[in-house]
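Right, one structure below, let's go through it.
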Amino acid sequence: MEFLQPRSLAEAIAAKAEHPDAVPIAGGTDVMVEINFDARRPHALLDLNRVSELATWQCIGGWGPGEPGPGEPGGDGLVRLGAGVTYTRVIAELGGLLPGLAMAARTVGSPQIRNRGTVGGNLGAASPAGDCHPVLLAAGATVELASARGTRLIPAAEFFTGPKRSVLAADELITAVLVPAAPGPQQFAKIGTRNAMVIAVCAFALELRPPLAGPAGTVGTGIGSAGPTPLRALEAEEFLAGALAEAGLWQTAGRLPDQVAQRFGELVAAAARPIDDVRGTAAYRRHALSVLARRTLSWAWETYRTGDGAPGCG
Ligand SMILES: Cc1cc2nc3c(=O)[nH]c(=O)nc-3n(C[C@H](O)[C@H](O)[C@H](O)COP(=O)(O)OP(=O)(O)OC[C@H]3O[C@@H](n4cnc5c(N)ncnc54)[C@H](O)[C@@H]3O)c2cc1C
Numbered sequence: 014m015e016f017l018q019p020r021s022l023a024e025a026i027a028a029k030a031e032h033p034d035a036v037p038i039a040g041g042t043d044v045m046v047e048i049n050f051d052a053r054r055p056h057a058l059l060d061l062n063r064v065s066e067l068a069t070w071q072c073i074g075g076w077g078p079g080e081p082g083p084g085e086p087g088g089d090g091l092v093r094l095g096a097g098v099t100y101t102r103v104i105a106e107l108g109g110l111l112p113g114l115a116m117a118a119r120t121v122g123s124p125q126i127r128n129r130g131t132v133g134g135n136l137g138a139a140s141p142a143g144d145c146h147p148v149l150l151a152a153g154a155t156v157e158l159a160s161a162r163g164t165r166l167i168p169a170a171e172f173f174t175g176p177k178r179s180v181l182a183a184d185e186l187i188t189a190v191l192v193p194a195a196p197g198p199q200q201f202a203k204i205g206t207r208n209a210m211v212i213a214v215c216a217f218a219l220e221l222r223p224p225l226a227g228p229a230g231t232v233g234t235g236i237g238s239a240g241p242t243p244l245r246a247l248e249a250e251e252f253l254a255g256a257l258a259e260a261g262l263w264q265t266a267g268r269l270p271d272q273v274a275q276r277f278g279e280l281v282a283a284a285a286r287p288i289d290d291v292r293g294t295a296a297y298r299r300h301a302l303s304v305l306a307r308r309t310l311s312w313a314w315e316t317y318r319t320g321d322g323a324p325g326c327g
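Taking my numbering as reference, the numbering of the sequence shown is continuous, increasing by one, and the terminal residue is 327.
Right, dumping it as structure tokens:
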């Protein structure tokens with residue numbers, strides 16, 4: 014097996030252009046399992062561990078012209094998270110800016126897996142059960158892909174095309190994910206057959222975006238492990254944003270009516286496209302998702318009510 018070890022991003026992109034069938038390896042927590050079980054026998058591995066550009070993160074400006082800039086209301090900016098940043102670092106360094114992603118990272122595998130495993134590797138594997146994905150969908154993140162042909166930005170919700178499939182082309186690498194710094198409370202919860210070292214039976218992520226001006230804020234959601242790809246619950250997002258605006262709850266920070274949480278849970282469950290498999294039945298997944306949705310909403314709303322928000326990049 015050929016083992017390619019580029020020392021810079023430019024070298025890595027050139028190597029991928031020259032060897033499109035080379036399998037990138039970051040933490041190796043998915044790739045090495047597949048190789049060890051003989052599920053994959055690549056003729057070349059492209060080791061990304063020496064590419065320092067992939068292992069950094071930084072705050073960058075807002076979304077662009079017409080958008081609030083850093084330091085302005087709502088201009089909390091974006092975190093450009095290199096594909097090679099590990100879960101351990103997300104937890105240690107990004108709990109304030111990206112609390113939802115840090116929550117998901119805390120649930121991944123074990124300390125050993127979190128020390129090696131990366132967000133880019135999670136995206137590269139494109140498993141419907143990847144724990145980063147619901148959070149990236151809920152946050153409206155964008156995946157940055159690079160090749161010798163140039164760079165393209167793909168909304169996380171459009172990155173996945175099927176179970177373990179994505180839009181990533183053979184000559185492309187995932188270089189980063191651009192995640193808006195949390196504009197409000199975020200939550201992530203998952204169900205597994207035990208607390209650690211299991212693939213999620215289902216997972217759910219929520220982001221509340223309080224209004225910058227006027228009565229209406231918005232809501233982001235992400236469903237994991239309950240469909241061929243990670244999914245957004247669009248109707249649930251619209252319902253909750255509408256219910257909060259209609260009742261003036263963003264302004265009064267009043268208690269959330271039970272029927273709003275109940276309906277939100279029902280709409281999240283309805284958005285899932287689960288199957289029966291060894292980890293759970295479709296019916297159980299839908300039920301569990303409605304519970305996770307209600308639960309994460311009650312936690313996030315309580316955070317909003319008590320004003321315990323996340324700091325932004327600005
Ligand atoms: C014991 C165990 C427990 C686990 N628990 C969890 C869990 O709780 N939750 C969870 O979501 N996952 C879990 N996983 C799966 C795995 O740890 C994650 O998917 C992790 O994020 C993979 O990251 P990595 O850097 O190790 O990826 P690698 O194994 O290096 O790569 C994974 C895939 O992504 C591709 N890839 C990697 N980097 C890039 C890049 N920059 N550009 C293009 N393609 C790239 C690789 O070619 C490969 O196809 C677990 C795995 C193990 C072995």
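We put the beta carbon where it would ideally sit given N, CA and C, even for glycine.
Using the Cβ count rule (16 or more neighbours within 10 Å means buried), how would you classify residue i?
{"i": "Gly-46", "result": "The sequence shown places Val at residue 46, rather than the Gly named in the question. Exposed."}
{"i": "Gly-134", "result": "buried"}
{"i": "Thr-265", "result": "exposed"}
{"i": "Arg-245", "result": "buried"}
{"i": "Gln-199", "result": "buried"}
{"i": "Phe-50", "result": "exposed"}
{"i": "Met-116", "result": "buried"}
{"i": "Phe-217", "result": "buried"}
{"i": "Ala-306", "result": "buried"}
{"i": "Asp-289", "result": "exposed"}
{"i": "Gly-163", "result": "exposed"}
{"i": "Gly-261", "result": "exposed"}
{"i": "Ala-28", "result": "buried"}
{"i": "Leu-247", "result": "exposed"}
{"i": "Asp-43", "result": "buried"}
With a CB to CB cut of under 7 Å and the five nearest residues on each side skipped, what residues in its chain are close to residue i?
{"i": "Ala-142", "result": "Ile-212, Ala-213, Gly-237 and Ser-238"}
{"i": "Pro-124", "result": "none"}
{"i": "Arg-119", "result": "Ile-104"}
{"i": "Gly-153", "result": "Pro-193 and Gly-233"}
Going along the chain, which residues of its own chain have a beta-carbon closer than 6 Å to the beta-carbon of residue i, five neighbours each way excluded?
{"i": "Glu-185", "result": "Leu-158 and Ser-160"}
{"i": "Thr-231", "result": "Arg-222 and Ala-254"}
{"i": "Ala-256", "result": "Val-273"}
{"i": "Gly-293", "result": "Val-214"}
Helix, strand or coil for residue i, going by three-state DSSP, please let me know.
{"i": "Gly-123", "result": "Note that residue 123 is Ser in the sequence shown, not Gly. Here Ser-123 sits in coil by DSSP."}
{"i": "Ser-140", "result": "coil"}
{"i": "Val-211", "result": "coil"}
{"i": "Lys-203", "result": "strand"}
{"i": "Ala-216", "result": "strand"}
{"i": "Phe-172", "result": "helix"}
{"i": "Ser-21", "result": "coil"}
{"i": "Arg-308", "result": "helix"}
{"i": "Phe-50", "result": "coil"}
{"i": "Glu-185", "result": "coil"}
{"i": "Ala-28", "result": "helix"}
{"i": "Arg-63", "result": "coil"}
{"i": "Ala-246", "result": "coil"}
{"i": "Val-180", "result": "coil"}
{"i": "Ala-152", "result": "coil"}
{"i": "Ala-281", "result": "Residue identity check: residue 281 is Val in the sequence provided, not Ala. The answer is helix: DSSP assigns Val-281 an H, G or I state."}
With distances taken from CA atoms, which of the options is nearest residue i?
{"i": "Asp-34", "options": "Arg-20, Met-14, Pro-241 and Phe-50", "result": "Met-14"}
{"i": "Leu-181", "options": "Gln-199, Gly-109, Thr-155 and Gly-137", "result": "Gly-137"}
{"i": "Gly-108", "options": "Glu-259, Gln-18 and Phe-201", "result": "Phe-201"}
{"i": "Glu-66", "options": "Ile-26, Leu-302 and Leu-91", "result": "Ile-26"}
{"i": "Ile-73", "options": "Thr-164, Ala-151 and Pro-193", "result": "Pro-193"}
{"i": "Pro-168", "options": "Leu-262, Phe-16 and Pro-243", "result": "Pro-243"}
{"i": "Val-156", "options": "Ala-96, Glu-259 and Leu-280", "result": "Ala-96"}
{"i": "Tyr-100", "options": "Gly-90, Gly-122 and Thr-206", "result": "Gly-122"}
{"i": "Gly-278", "options": "Gly-235, Phe-173 and Arg-102", "result": "Gly-235"}
{"i": "Val-291", "options": "Gly-205, Ser-311 and Ala-249", "result": "Gly-205"}
{"i": "Arg-127", "options": "Leu-110, Ala-139 and Cys-145", "result": "Cys-145"}
{"i": "Arg-298", "options": "Ile-48, Gly-40 and Ala-284", "result": "Ala-284"}
Does the beta carbon of residue i sit closer than 8 Å to a beta carbon anywhere in chain C?
{"i": "Arg-308", "result": "Of the protein chains in the structure, only one exists, and it is not chain C."}
Among residues of its own chain, excluding the 5 on either side of residue i, which ones have a beta-carbon nearer than 8 Å to its beta-carbon?
{"i": "Pro-55", "result": "Met-14, Asp-34, Ala-35, Val-36 and Ile-48"}
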